[in-house]
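A quick write-up on the structure given underneath.
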Amino acid sequence: MIRSHHSSGQKLAVGRSDYKRIIEAKLKIHCLFDEPVMELMWGLKNIMKSLVPAETCELTTEDRRHMSKGMQLILNKYGFKVEPEMVDEDLITIATALYESDYCVNRFAEFLHRGGKYLKEVSGIDCQNLDLQKLATALKLLSYLKEKIKTGTSSEMLSEDMASTLVDQAHMYERKLHKGTCLNIYKEILFSRAVRSRRWCP
1 MIRSHHSSGQ
11 KLAVGRSDYK
21 RIIEAKLKIH
31 CLFDEPVMEL
41 MWGLKNIMKS
51 LVPAETCELT
61 TEDRRHMSKG
71 MQLILNKYGF
81 KVEPEMVDED
91 LITIATALYE
101 SDYCVNRFAE
111 FLHRGGKYLK
121 EVSGIDCQNL
131 DLQKLATALK
141 LLSYLKEKIK
151 TGTSSEMLSE
161 DMASTLVDQA
171 HMYERKLHKG
181 TCLNIYKEIL
191 FSRAVRSRRW
201 CP
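In our numbering, the protein residues as written are 1 to 202.
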């Protein structure tokens, strides 16, 4: 089976050092078994049931002990204090949702902060410590006045007063903002935060 899926010159990633030794000796196929491959294999083993629904094998205790360094960094970042043996698919899904949500929001940070400078210049609103979702909402409101937004007191929502100020001064932002970009970023951030909430609070 290995030969039928292997092309000349390709290297085969394997999950154990003895696999590498046997395959190289018997089939003369060059194999990779190093730190990056171990990271990859750990991830594949943990999501195997998602990739192959018919798979019924559970991870062994030994498999769980060798937690991916990448996953370890993510778990530490979000305050998960767990032993490697406790990591399962549900925890990986939650941690991944948190990471991807932050990644989605942060990749728009430069654009949003640039828009925040306009808010400071035109409306006197200091956006330096503003949540990026709140900032995205402000820019979206300025771009599409007729579309309703939710206001509130949370760090992610515009207050009623701020929203009212922006609506009144929207004409002063003409040609300063790219409306389509503001809308798309707003939608992406809202979606990523919603996914994060659903994963964290099933």
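Built from N, CA and C at the ideal position, the CB exists for glycine as well. For clarity, every value in this text was computed on a predicted model and none was experimentally measured.
Secondary structure of residue i, DSSP reduced to three states
i	result
Ala-54	coil
Leu-91	helix
Cys-182	helix
Leu-158	strand
Cys-31	strand
Leu-119	helix
Thr-153	coil
Pro-202	Annotation note: pLDDT 45 at Pro-202 (below 50); position unreliable, no value reported.
Leu-12	strand
Tyr-19	helix
Gln-128	coil
Ile-189	helix
Val-82	coil
Leu-145	coil
Ile-74	helix
Leu-44	helix
Leu-166	helix
Ala-5	Here residue 5 is His; the residue named in the question, Ala, does not match the sequence. The answer is helix: DSSP assigns His-5 an H, G or I state.
Straight-line Cα distance separating residue j from residue i
i	j	result
Glu-258	Lys-81	The chain is shown from 1 up to 202; residue 258 falls before or after that span and cannot be answered.
His-30	Asp-131	50 angstroms
Asp-102	Leu-158	20 angstroms
Thr-96	Glu-35	21 angstroms
Leu-183	Pro-53	38 angstroms
Leu-177	Phe-111	10 angstroms
Gly-15	Val-37	7 angstroms
Pro-202	Phe-108	A caution first: Pro-202 carries a pLDDT of 45, below 50, which makes its placement in the model unreliable, though a value can still be read off. Whole-angstrom Cα-Cα distance: 27 angstroms.
Ser-197	Ser-123	32 angstroms
Ser-8	Phe-33	19 angstroms
Glu-100	Thr-153	25 angstroms
Leu-40	Ser-17	15 angstroms
Ile-92	Glu-85	13 angstroms
7 angstroms Cβ shell around residue i - same chain, five flanking residues per side excluded
i	result
Glu-188	Cys-104
Glu-156	Asp-131, Gln-133 and Lys-134
Leu-142	Leu-166, Ala-170, Tyr-173 and Leu-177
Gly-116	Cys-127, Leu-130 and Leu-135
Own chain residues within Cβ distance below 8 angstroms of residue i, not counting five before or after
i	result
Ile-2	Leu-12, Ile-23, Leu-27 and Ile-29
Asn-106	Leu-132
Whole-number beta carbon distance between residue j and residue i, since they are thought to touch under 8 angstroms
i	j	result
Tyr-186	Lys-140	4 angstroms
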